[in-house]
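Working notes, structure below.
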Amino acid sequence: MDKRIKLQQGDITKLNVDAIVNAANTSLLGGGGVDGAIHRAGGKQILDECIAIRNKQGGCPTGEAVITTGGNLPAKYVIHTVGPVWNGGKSNQRELLANCYRNSLNLAIDNHIKTIAFPNISTGIYHFPKSDAAEIAVSTVNDFLQNNETIEEVIFICFDDENYKLYENLLSTKKAH
Ligand code: AR6
Numbered sequence: 001m002d003k004r005i006k007l008q009q010g011d012i013t014k015l016n017v018d019a020i021v022n023a024a025n026t027s028l029l030g031g032g033g034v035d036g037a038i039h040r041a042g043g044k045q046i047l048d049e050c051i052a053i054r055n056k057q058g059g060c061p062t063g064e065a066v067i068t069t070g071g072n073l074p075a076k077y078v079i080h081t082v083g084p085v086w087n088g089g090k091s092n093q094r095e096l097l098a099n100c101y102r103n104s105l106n107l108a109i110d111n112h113i114k115t116i117a118f119p120n121i122s123t124g125i126y127h128f129p130k131s132d133a134a135e136i137a138v139s140t141v142n143d144f145l146q147n148n149e150t151i152e153e154v155i156f157i158c159f160d161d162e163n164y165k166l167y168e169n170l171l172s173t174k175k176a177h
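Just so we're aligned: 101 in the UniProt record's numbering is position 101 of the sequence shown, and the numbers increase by one with no gaps anywhere.
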């Protein structure tokens, strides 16, 4: 396991990192869950930039990512990615979830971001099974970091106990290298 991967429990809107990732929807207009929390804490500037992106490219497809300012958040940027809605694993949902992590990290690199925090994308309102989602998140990020030297820290921030325990297991059982 790459040593740059860290685990925390809590509220992503409080983190003082270069970028936090938002589990958004294709409209980019906000919603419930972590998306609602980020827009509430970050303020109008984030929504204004989301609307500008939406006007330009018509929202954000599932698995893709876009970037805005962090507004009033401690984080400098918010990377908005759209996780898949779980419907039994059909239509490439696992690959789409992996794409969220990869595309967010690529956007981070393009924007010279060195520290980034991910929520547990798709595991709330979108009902992706938490255990599967955690494995995909950890293995995708770990694989990505093997070919990257510019990212300094990737935090998985878990809100609920179940996710926290799943990540704790995955991160402690894999060997460090
Ligand atoms: N900090 C960190 N994680 C959080 C926070 C927080 N403040 N609040 C919730 N979580 P969800 P999704 C966790 O439902 O499943 C929105 O309406 C939560 O415990 O936020 O990808 C969007 O607009 C869960 O583990 O996102 C979309 O329509 C994780 O964040 C839809 O929900 C993701 O849960 C996206 O659904």
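Cβ coordinates follow ideal geometry from the N, Cα and C atoms, glycine included.
Leaving aside the five residues that flank residue 54 on each side, the residues in its chain whose CB is nearer than 6 Å to its CB run, in chain order, 28. Selection 76, 96, 13, 123 evaluated against residue 115 yields 76 as nearest (Cα-Cα). Within 6 Å of the C-beta of residue 34 there is at least one heavy atom belonging to the ligand AR6. Burial check for residue 93: the Cβ neighbour count within 10 Å reaches 16 or more, so the residue is buried. Cβ-Cβ distances below 6 Å link residue 129 to nothing in the same chain once the five nearest sequence neighbours on each side are left out. Taking every protein chain shown into account, the CB of residue 119 has 16 or more other CB atoms within 10 angstroms, so this residue is buried.
Taking the Cβ of residue 68 as the reference point, every heavy atom of the ligand AR6 lies at 6 Å or farther away. 17 is the residue among 166, 2, 163, 17 whose C-alpha sits nearest the C-alpha of residue 73. Relative to the Cα of residue 121, the nearest Cα in the group 156, 45, 83, 89 belongs to 83. Residue pairing by DSSP places residue 80 opposite 22, 66 in a beta bridge.
The alpha-carbon of residue 56 is positioned some 43 Å away from that of residue 172. The C-alpha of residue 6 lies about 20 Å from the C-alpha of residue 97.
Going by DSSP, residue 158 is part of no alpha helix (DSSP H) but of the beta strand (DSSP E) stretching over 153–158. Here residue 134 is near residue 170, since their CB atoms are less than 7 Å apart.
Here residue 104 is buried, its C-beta having at least 16 other C-beta atoms within 10 Å. Following the DSSP letters along the chain, one finds residue 44 inside the alpha helix (DSSP H) bounded by residues 44–57.
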